[in-house]
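Reading through the structure tokens given below for one structure.
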Amino acid sequence: MSVRATARITAVRDRRGATTLPVLESDGPLALRRTRATLPGAARVTVVGAMSAPLGGDRLAIEVRAGQGTRLGVGAAAATIALPGTGPAAVPARYDIMLKVEEGAGLDWLPEQLVSAHGSELHMTTVAELAPTARLMLREEQILGRHGESTGTLLSRLTVHRAGRPLLDQQMAYGPGAGGGWDGPAVLGGHRAVGQLLVVDPAFDDKGPGTRLLGPTAVLTRLVGPAVLVTALAPDARQLRTVLDRAADELADHASG
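Heads up, the sequence shown is in my numbering, so the first residue is 1 and it goes up one at a time.
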């Protein structure tokens with residue numbers, strides 16, 4: 001039996017300027033826990049998987065609103081593993097992420113890796129709506145197959161609007177249901193881990209970093225507006241995280257320098 005679940009997070013500022021969470025609504029396999037934030041006045045939420053999901057046919061969603069002037073970080077306790085469904089019909093699972101960041105707010109969306117297990121089929125969408133003065137750090141990491149197995153089918157789309165205008169809209173597909181060439185030398189080149197780090201920061205309006213290579217399989221791309229996108233390939237999840245963490249630290253230093 002498939003699962004339908006939507007978890008919701010809303011962050012607002014209290015009278016002292018601290019970020020509070022009036023809405024922290026878990027649902028189904030998406031359990032939300034408030035955890036300790038590293039910055040004063042900020043809030044942090046960790047997504048804890050309460051059961052195996054997403055399976056074929058599941059429809060999961062997380063909705064996040066970072067209200068005006070808030071500082072919110074959202075992470076996960078463990079990787080998300082897309083698994084095959086248990087029924088006879090091959091129905092894809094869906095996982096939809098909706099992020100809204102209002103004026104002067106900052107959101108760090110930093111989940112753990114998404115693992116596409118053999119035989120699974122997952123359609124994942126992430127949609128972010130940003131106010132002109134909003135800040136967003138968003139990390140995505142996809143691991144194509146568990147150890148010793150081939151990948152499932154993964155369709156992933158990321159759409160970002162800033163001040164009502166398109167900033168980024170891209171779609172990637174891997175596995176048996178994708179078009180030809182997805183695992184060829186011009187795309188993955190034999191790597192099993194692919195990820196990206198998007199940073200949107202008004203501080204980049206005047207001093208944003210320029211487009212350049214970060215290594216043999218990673219590149220930083222300056223986008224139109226105060227935003228940069230880091231795209232990286234790696235043999236495994238550990239090496240991918242190392243590349244993206246280094247890029248995140250460098251971009252944070254650049255924005256505050």
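Don't be surprised by glycine CBs; every beta carbon is placed ideally from N, CA and C. Bear in mind that the values here come from a model prediction, so they are computed numbers and not experimental data.
| query | result |
| --- | --- |
| Per-residue DSSP class, three states only, for ASP253 | helix |
| Span of the beta strand (DSSP E), counted from its first residue to its last, around ASP169 | 165-174 |
| Strand pairing of VAL230, partner residues [DSSP] | LEU197, LEU220 |
| Test item: CB-CB of VAL200 and LEU167 under 8 Å | yes |
| N- and C-terminal bounds of the alpha helix (DSSP H) containing ASP205 | 204-207 |
| Heavy atom of the ligand PLP within 7 Å of MET172 beta-carbon | Looking at this structure, you won't find the ligand PLP or any other ligand, since it has none at all. |
| Segment limits, beta strand (DSSP E) that includes PRO22 | 19-25 |
| TRP182, enclosing beta strand (DSSP E) - first and last residue | Run containing TRP182: none; DSSP gives neither H nor E here. |
| CB-CB length for PRO202 against THR133, believed under 8 Å | 6 Å |
| DSSP bridge partner residues for GLN142 (one or two, in chain order) | LEU114, VAL194 |
| Reference LEU122, options GLU103, ILE143, LEU136, GLU129, closest by Cα | ILE143 |
| GLY208 beta carbon less than 8 Å from that of LEU244 | no |
| Buried versus exposed, by CB contacts within 10 Å (16 or more), VAL224 | exposed |
| Counted within 10 angstroms of its Cβ, other Cβ atoms place ARG162 as buried (16 or more) or exposed | buried |
| Distance, GLY179 Cα to GLY75 Cα | 31 Å |
| Within 8 Å, strictly: CB atoms of VAL230 and LEU214 | yes |
| Runs of beta strand (DSSP E) lying entirely within the segment 28-80, each at least 3 residues, in chain order | 30-35, 43-49, 59-66, 71-76 |
| CB contact check: GLY145 to chain C, cutoff 8 Å | Checking the listed chains, one finds no chain C in this structure; it contains a single protein chain. |
| Cross-strand partners of THR10 (DSSP beta bridge) | VAL23, ARG65 |
| Where ARG15 falls: helix, strand or coil (DSSP) | coil |
| Range of the contiguous beta strand (DSSP E) that encloses VAL127 | 121-130 |
| Distance CB(LEU39)-CB(ARG71) smaller than 8 Å | yes |
| For VAL243, three-class secondary structure by DSSP | helix |
| PRO22 classed as buried or exposed, judged by whether at least 16 other C-beta atoms fall within 10 angstroms | exposed |
| Where THR82 sits in the DSSP three-state scheme | For clarity, residue 82 is Ala in the given sequence; the question names Thr instead. Of the three classes helix, strand and coil, the one that applies to ALA82 here is strand, per DSSP. |
| Residue of GLY69, HIS254, GLY57 minimising C-alpha distance to PRO84 | GLY57 |
| Distance between THR35 and PRO111 (C-alpha atoms, nearest Å) | 14 Å |
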